[in-house]
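Presented below is the structure to which this report refers.
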């Protein structure tokens with residue numbers, strides 16, 4: 141009876157130790173995540189803008205890749221939905237925007253540019269300053285006033301991820317099988333009640 145109890149306890153102890161070592165190991169996927177610190181919607185003349193702040197660090201492999209001239213793409217997704225008891229959820233809004241981070245060896249400059257539109261094109265002397273811009277999404281128009289109804293409450297969701305699909309083809313294959321390239325947030329969800337139409 142004592143021997144039978146001993147082995148399960150020993151096995152459990154070994155599993156707990158293995159789990160602790162795995163969690164403490166550098167470079168595992170859980171350490172390379174994006175945190176959504178906050179997200180909110182602000183009215184503008186034609187609808188609502190998203191303001192969101194993210195927090196993350198590039199691991200050494202991603203930082204090395206940027207410095208070698210490999211561009212990184214960060215895609216932010218925003219969705220708006222409303223549950224309906226009689227049918228599938230209504231989803232009036234589903235939009236994305238992508239930001240490109242690159243390094244120019246000749247000028248020793250990091251560049252942040254918009255992939256979705258040609259408006260954003262900024263240069264920085266340090267990687268830290270370039271990432272600060274990527275981490276803060278501001279004045280992104282995500283909802284047109286005719287897409288929502290006054291008095292209704294919607295579920296808003298936002299996330300950010302390192303978008304491997306936008307990378308050059310040769311790097312996509314390696315990135316898919318390399319956990320160092322796994323950098324993404326969970327969906328940040330919050331409610332949005334339309335109290336009045338944007339003016």
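In the numbering used here, the protein residues as written are 141 to 339. All C-beta atoms, glycine included, are put in the ideal place defined by N, C-alpha and C. Bear in mind that the values here come from a model prediction, so they are computed numbers and not experimental data.
DSSP links residue 294 through a beta bridge to 332.
Residue 194 is positioned such that its CB atom lies closer than 8 Å to that of residue 177. In this structure, the alpha-carbon of residue 293 lies about 19 Å from that of residue 191. For the region 198-236, the full-length beta strand (DSSP E) segments reaching 3 residues or more read 212-222 along the chain. Proximity to residue 224 across 325, 295, 305 and 323 peaks at 295, based on C-alpha coordinates.
By the Cβ-count criterion, residue 299 is buried, with 16 or more other Cβ atoms from all chains shown falling within 10 Å of its own Cβ. When C-alpha distances from residue 326 are compared across 320, 297, 319 and 315, the shortest belongs to 297. In the DSSP assignment, residue 179 falls within the beta strand (DSSP E) that extends over 175-183.
Looking at the backbone, the Cα of residue 248 and that of residue 207 are separated by about 9 Å. At the C-beta level, residue 212 and residue 233 stay beyond 8 Å of one another.
In this structure, the straight-line span from the alpha carbon of residue 272 to that of residue 228 is close to 38 Å. Within its own chain, the residues whose Cβ lies closer than 6 Å to the Cβ of residue 312, once the five positions on either side in sequence are excluded, are 304, listed in chain order. By DSSP's assignment, residue 194 forms a beta bridge with 176. In the three-state scheme derived from DSSP, where H, G and I count as helix and E and B as strand, residue 306 is classed as helix.
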